[in-house]
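Visitor: Input: one structure, supplied below.
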Amino acid sequence: MSDIFTAISFLLTVSKIIGLGSFYVDKKKKKLHTSVVGLLYSCLMLFCFTGNAGFLTYTKLLYKDKRIDSYVGLASDVILLTCGIVVTFTCILFSMIQRKKTMKVIEEFYKIHWEMKKLKQDVNYLKLKKKILCHVLLLLFILLLIFFLMIFYVENLKSFLYFSYMYAWFVPNIYNFLTGYQFVSGAELLKIHFKALNKSLEKFDDDDKDKEDDEFANNNNNKRPEMNFYFDSFPSPSLGKNFTNVNYLAWEFRTANKFHLIKNKKLWKHQRKIWPGEKEFHDVVNDLNKIKRIRKIHGNLCGIKEHLNSSFSLQVLSSVAQSFIFITVNLYLIFTTLSSEDSSVSLFKISYPVLWFVIHSLELIIIVLTCTNTSKAGNYTAVLVHKLLAKECKLELKNQLKLFSIQLLHRKICFTAAGFFNLDMALLQGVIGAATTYLVILIQFHNTYEVRKN
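Numbering of the sequence shown is given in full-length UniProt numbering, commencing with residue 1 and proceeding in unit increments.
So, in structure tokens, the structure goes:
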């Protein structure tokens, strides 16, 4: 179960449901393919929603609904429905255009999965799947609750006009939620890979390493008899390009004052006494290879972040904007409902705006927290690298750490919504401040209207 396909299965399942991305997995050949059927399905959903919303807008312009008290209300409904159409067009069309980038993101994750195996670092994909699935099930449960509330508490649901109105509102929200969680699942995948890399770097700080080296040397000395020759340790300038590959190193040893060059590792696998610098040399080579592999994986993860961010930038922007509008409007509706002196306030009138407020708040919070935690995990690698640089280590290892530090300096992890603003905790602070400001303004207009009405 702990496999890369388990990690991306939810992402692919959501893509099939809403027709975005439209990929399927060939588990036997372990390949990812673009689904033509999924693309046709997304086009069908797009045309169905456009026709439905267009019919609703046309009907509202010709037929005045009883719920609309003025032409201002009519204009507001038409504008909101038009915004819903624009949001849905943005989510579907842009996702279809960017499907190659999304495909590349999934393929890169598959490559990194094997790189992490070579690094001998486990990644818990099953835990990720359960976490993302719980988030989405929570939001879908609230959406279903809203839907059933409308069925039981709205008398004119039988009207095709009102059903079209409800459908035109639900489709953009569902598309936004599911598209947002495609983005969240990709960000969560990045986070667990960054954390796995950080664990690999933290292993360099193991305090028991010297003890293990001593035990290794003692065990080898006990097993192997003493011999009349010893190995000379290499000076660092003579290591050259072959320093990173132990199998092809040229080993020098001295016997009877003669030097021999052995390039085949099998020739020196006979019984011998370990030379004092051999284990240290092996450790440096292994650490050097490990740092290079971690640096390569981190660079690939930064590239995946850029592709993921560009693929979902407009969708995330529309989702955040829609969440902000719904939070502000539903807070105002909650205030007006609770402050109303009307005794006929039903459960639906109170629960409906509360549920919409909760679901959009959860969506915004989960997106922001996921992006923030992923950015912290990716940028924390620089802290670990500088801790290693502060310690005493071999010159070759220190040079690799310096190169890694320069790479981390120029490739910081930060998610944005189409470049307009960063997806971090400052966004939540700004949304709370702006929603509070607009809520106070709306309440003042409401109080002025009530005074004039009385």
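We put the CB at the ideal spot given by N, CA and C, even for glycine. Owing to the predicted nature of the structure, the values given are computational and were not obtained by experimental measurement.
Using the C-alpha atoms, what's the distance from LYS290 back to ALA426?
Guide: C-alpha separation (whole angstroms): 36 Å.
Visitor: Output the distance between the C-alpha atoms of SER185 and THR448, rounded to the nearest integer angstrom.
Guide: Their backbone Cα atoms lie some 46 Å apart in a straight line.
Visitor: Rank ASN399, SER351, ILE297 by C-alpha distance to the C-alpha of PHE147 and give the top, closest one.
Guide: If we check each option's Cα against that of PHE147, SER351 comes out closest.
Visitor: To test your reading of the DSSP string, which unbroken alpha helix (DSSP H) runs of 4 or more residues are found completely within the stretch 338-402?
Guide: 347-390, all fully within the stretch 338-402.
Visitor: Candidates LEU423, HIS386, PHE421: which alpha carbon is nearest LEU408's?
Guide: Comparing Cα-Cα distances from LEU408 to each of LEU423, HIS386, PHE421, the minimum goes to HIS386.
Visitor: How about LYS104 and THR374: are their beta carbons less than 7 Å apart?
Guide: Going by C-beta atoms, LYS104 is not nearer than 7 Å to THR374.
Visitor: Quick one: what does DSSP say ASN124 is sitting in, helix, strand or coil?
Guide: Coil.
Visitor: Closest to VAL329 by C-alpha separation, out of SER200, SER361, THR370, would be which residue?
Guide: Out of SER200, SER361, THR370, SER361 has the C-alpha closest to the C-alpha of VAL329.
Visitor: Compare the C-alpha of VAL123 against each of LYS130, ILE132, HIS113 and name the closest.
Guide: When only C-alpha atoms are compared, the closest one is HIS113.
Visitor: For LYS129, is the classification buried or exposed, using 16 other Cβ atoms within 10 angstroms of its Cβ as the cut-off for buried?
Guide: By the 10 Å Cβ count, LYS129 comes out buried.
Visitor: Work out the CA separation of VAL86 and PRO172 for me, nearest whole Å.
Guide: Whole-angstrom Cα-Cα distance: 9 Å.
Visitor: Report buried or exposed for ALA196, applying the criterion of at least 16 other Cβ atoms within 10 angstroms of its Cβ.
Guide: Buried, since its Cβ has 16 or more Cβ neighbours within 10 Å.
Visitor: CA-CA distance, ASN286 and LYS412?
Guide: Taking the straight line joining both Cα atoms gives about 27 Å.
Visitor: Inspect the beta-carbon positions of LYS127 and HIS307 and report whether they are closer than 7 Å.
Guide: Not closer than 7 Å, so no.
Visitor: Using 7 Å as the threshold, is the C-beta distance between GLU115 and ILE297 below it?
Guide: Taking 7 Å as the Cβ cut-off, GLU115 and ILE297 qualify as a contacting pair.
Visitor: Does the distance from the C-beta atom of VAL368 to that of PHE183 stay below 7 Å?
Guide: The answer is no: Cβ separation not under 7 Å.
Visitor: Among ILE359, SER310, SER311, ASN309, whose alpha-carbon lies nearest the alpha-carbon of LEU331?
Guide: Minimum Cα distance to LEU331 is reached at ILE359.
Visitor: Going straight from the alpha carbon of LEU288 to that of GLN322, what length do you get?
Guide: Their Cα atoms are separated by approximately 49 Å.
Visitor: For LEU384 versus ASN176, is the C-beta distance shorter than 7 Å?
Guide: Not closer than 7 Å, so no.
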